[in-house]
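See below for the structure under consideration.
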Amino acid sequence: MFATVALLLVAVWLLVLLGQNRRTKNFPPGPQTIPFLGNLLELNLEEPLTDLDRLAKRYGNVYSLFFGPRPAIVLNGVQALKEALVNKAAAFAGRPQDQIFNHIVQMKARAPGVILSDYNSGWKEHRRFGLMTLRNLGLGKRPMEQLILTELQYLINTLERSNGIPINPHLLFHKTTSNVICQILFSKRFDYEDEFLKFFATFFHETSTVINGRWGLIYDSIALVKFLPLPFQRCFKMFESACRRHSEVFAENERTRVLGKPRNFIDCYLDELDKRGDDGSSFSGEQLRACALDLHFAATDTTGSTIQFAFLYLTAYPQIQERCQEEIDKVLDGKDQASFEDREQMPYVQAVVHEIQRAGNLTPLGLFHTVTKDTELMGYTIPRGTMVIPNLSSALNEEGQWKSPHEFNPENFLNERGEFVKPEAFIPFSLGHRTCLGENLARMEVFLTVVTLLRRFKFIWPKDAGEPDFSTFFGSIQTPKPYFMKVTVRERPQE
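According to this note's numbering, the sequence shown is numbered sequentially starting from 28.
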């Protein structure tokens with residue numbers, strides 16, 4: 028009996044020892060861990076940002092957490108974020124390769140795409156190709172403006188049919204942004220009631236909520252749960268459906284493709300494949316499909332959610348909306364359409380758009396990085412392979428960086444002369460080598476959408492809707508809780 032009990036105690040001791048998470052010498056400090064769980068119990072998995080800020084106050088702007096057995100460091104504040112992601116960009120440019128998002132994508136696409144690819148020659152090739160191709164397709168030029176403005180006319184027609192009736196814009200703006208990127212990817216737009224558009228708007232929102240939400244963190248931290256019938260399994264099923272729907276559009280694009288005359292991103296990529304042949308590069312049909320889904324996801328959900336935040340704030344603060352409209356009417360007087368260049372004459376509108384991005388805090392933790400080689404950061408030793416969580420939210424709300432860090436206030440982006448200024452802590456698109464590939468497209472879309480719609484409509488918070496709720500669904504991309512707004516055609520629409 029004594030021997031049995033002794034063996035049992037030894038077994039338990041070994042399990043606890045194996046489950047312990049130990050910080051290596053000179054590794055950033057952090058809270059005490061629990062075997063197997065690490066620091067999961069330190070965080071509110073529904074919305075961990077408050078807990079991350081609490082830990083930063085206790086341990087400093089660079090501290091460590093364990094997700095199960097895996098160590099991670101959290102970067103807080105603009106100084107730590109710039110030191111890692113800009114000054115030591117290459118050392119902090121890796122991506123985790125064993126998280127839920129990787130498993131979802133690689134299960135079907137069998138390629139990492141651009142967003143999830145680790146920092147290697149293949150990522151560099153595709154990043155360079157993506158930037159060049161978007162420029163060649165008109166990004167930053169008048170043709171891209173016209174594509175966006177033409178799509179906005181469909182949105183205007185939809186809003187006009189709802190004149191004076193409260194509507195829930197939850198997925199409406201996502202349909203608009205999805206159509207813009209669909210035309211860039213495969214020269215095709217969809218009716219707002221088309222099932223393709225509805226599916227992807229829902230798919231992107233649900234997936235982004237799960238990835239960095241409670242179930243995503245549990246999936247990434249506890250290996251045993253990966254095969255259980257928990258909510259993250261729905262992401263796997265939806266991704267299979269997304270790939271099938273993309274395959275149908277790819278096939279249609281292939282039937283109408285003319286060699287050497289690229290119309291869209293897919294044609295440009297296929298031309299590149301033809302040119303390269305079997306040269307051993309990272310270009311492949313599987314990688315094309317993964318990249319297309321990357322771009323479709325990022326350009327739909329991030330920009331659509333930003334515009335959703337925009338009209339939440341503009342309806343909640345009617346005096347800000349009116350001041351924007353005064354500036355828009357003055358600058359666009361006599362013009363048929365807005366141009367992205369008009370932003371230079373609209374300092375207040377620019378300030379409002381940037382404040383929407385800051386206060387909306389769209390990607391609070393960005394996407395996680397990994398360290399590509401043993402390195403030093405602010406006096407700490409960070410081993411190769413360590414996961415890095417860039418807490419972008421901490422910079423967007425950092426004391427001392429903003430006039431009003433904890434409230435919605437366009438004055439955060441205006442100097443004493445009323446001129447637009449952009450503080451260095453404004454980093455909603457992240458920093459360094461992994462900064463958002465579609466940043467310029469997003470900036471153009473958001474500005475043109477806000478200006479075009481404010482010129483045509485007045486947005487009103489319904490009297491029976493209660494007080495505006497600025498709380499969000501936490502995820503890799505945050506979205507506002509559903510809300511209603513009443514849209515009326517302005518008494519003096521600018522034609």
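Heads up, the beta-carbon is just placed ideally off N, CA and C, and yes, glycines get one too.
Nearest candidate by alpha-carbon position, reference residue i, set the options
i       : options                            : result
Ile-504 : Gln-346, Thr-329, Thr-177          : Thr-329
Thr-203 : Leu-475, Val-376, Asn-147          : Leu-475
Phe-367 : Ser-274, Asn-418, Arg-282, Arg-470 : Arg-470
Pro-495 : Trp-150, Thr-283, Pro-345, Gly-165 : Pro-345
Tyr-407 : Leu-102, Phe-231, Asp-294          : Leu-102
Asp-401 : Ala-120, Ser-332, Phe-259          : Ala-120
Gly-393 : Arg-350, Phe-456, Ser-332          : Phe-456
Glu-412 : Leu-82, Asp-145, Asn-114           : Checking the sequence, you will find Gly at residue 412 rather than Glu. The option with the nearest alpha carbon to Gly-412 is Asp-145.
Cys-463 : Ala-325, Leu-176, Leu-166, Phe-395 : Ala-325
Ser-214 : Asn-184, Lys-490, Arg-155, Lys-288 : Lys-288
Gly-465 : Thr-327, Ser-91, Lys-302, Leu-68   : Thr-327
Ile-454 : Ala-250, Glu-425, Leu-198, Gly-191 : Glu-425
Gly-165 : Asn-467, Leu-68, Phe-63, Leu-179   : Asn-467
Tyr-510 : Ser-332, Leu-92, Val-252           : Ser-332
Arg-85  : Pro-98, Ala-250, Glu-187, Pro-58   : Pro-58
Glu-313 : Leu-286, Met-512, His-153          : His-153
Simplified DSSP state of residue i, which is helix, strand or coil
i       : result
Asn-163 : helix
Ile-245 : helix
Pro-193 : strand
Pro-258 : coil
Ala-107 : helix
Leu-42  : Residue placement at Leu-42 cannot be trusted, given a pLDDT of 44 that sits under 50; what the coordinates show is reported in the next sentence. Looking at Leu-42 - three-state DSSP - the assignment turns out to be helix.
Gly-331 : helix
Val-101 : strand
Tyr-340 : helix
Gly-312 : helix
Tyr-219 : coil
Phe-266 : helix
Tyr-181 : helix
Ser-91  : strand
Gly-65  : strand
Gly-57  : coil
Phe-447 : strand
Gly-157 : helix
Tyr-149 : In the sequence under discussion, the amino acid at residue 149 is Gly, which differs from the Tyr named in the question. Looking at Gly-149 - three-state DSSP - the assignment turns out to be helix.
Alpha carbon of residue i to alpha carbon of residue j, nearest angstrom
i       : j       : result
Ala-492 : Thr-77  : 28 Å
Gln-335 : Thr-234 : 18 Å
Arg-50  : Pro-56  : 8 Å
Asp-221 : Cys-209 : 13 Å
Val-514 : Ser-189 : 7 Å
Phe-310 : Pro-193 : 48 Å
Gln-47  : Pro-123 : Confidence at Gln-47 is low in this model, with a pLDDT of 49, below 50, so the placement of that residue is unreliable and no value is reported for it.
Lys-357 : Arg-482 : 11 Å
Arg-517 : Trp-488 : 15 Å
Met-414 : Phe-486 : 43 Å
Val-43  : Gly-65  : In this prediction, Val-43 has a pLDDT of 44, which is less than 50 and means its spatial position is unreliable; what the coordinates show is noted afterwards. Distance between the alpha carbons of Val-43 and Gly-65: 12 Å.
Glu-354 : Phe-440 : 16 Å
Asn-71  : Cys-318 : 33 Å
His-130 : Phe-266 : 11 Å
Lys-362 : Gln-352 : 15 Å
Glu-281 : Ala-365 : 35 Å
Met-292 : Glu-443 : Correcting the residue type first, residue 292 is Phe in the shown sequence and not Met. Between Phe-292 and Glu-443, the C-alpha separation is close to 44 Å.
Gly-304 : Pro-196 : 46 Å
Ala-269 : Lys-52  : 45 Å
Gly-459 : Gln-377 : 24 Å
Thr-160 : Arg-284 : 17 Å
Thr-399 : Leu-419 : 20 Å
Ser-274 : Phe-230 : 16 Å
Lys-168 : Lys-151 : 25 Å
Ala-117 : Asn-388 : 25 Å
Cβ distance (whole Å) where residue i is taken to contact residue j below 8 Å
i       : j       : result
Tyr-340 : Leu-315 : Actually they do not touch by this definition, with Cβ atoms about 38 Å apart.
Phe-447 : Glu-382 : About 11 Å; that fails the 8 Å criterion.
Tyr-246 : Tyr-219 : The pair is not a contact, with the Cβ atoms about 33 Å apart (cut-off 8 Å).
Leu-212 : Leu-322 : 6 Å
Leu-143 : Phe-128 : 6 Å
Val-105 : Glu-451 : 6 Å
Leu-108 : Ala-422 : 6 Å
Phe-497 : Thr-236 : Not a contact, Cβ separation roughly 17 Å.
Val-141 : Gly-157 : 6 Å
Ile-409 : Ala-99  : Not quite, the Cβ-Cβ distance comes to about 10 Å (not below 8 Å), so this is no contact.
His-232 : Thr-506 : 6 Å
Phe-94  : Ser-248 : 4 Å
Legend entry - Start-end ranges of the beta strand (DSSP E) lying completely within the stretch 363-441, minimum 3 residues: Whole beta strand (DSSP E) segments, 3+ residues: 402-404, 407-409, 414-418.
Inset, instruction - Give, in chain order, every unbroken run of the alpha helix (DSSP H) that is at least 4 residues long and sits entirely within the stretch 458-519. - result: Fully enclosed alpha helix (DSSP H) runs of 4 or longer: 466-483.
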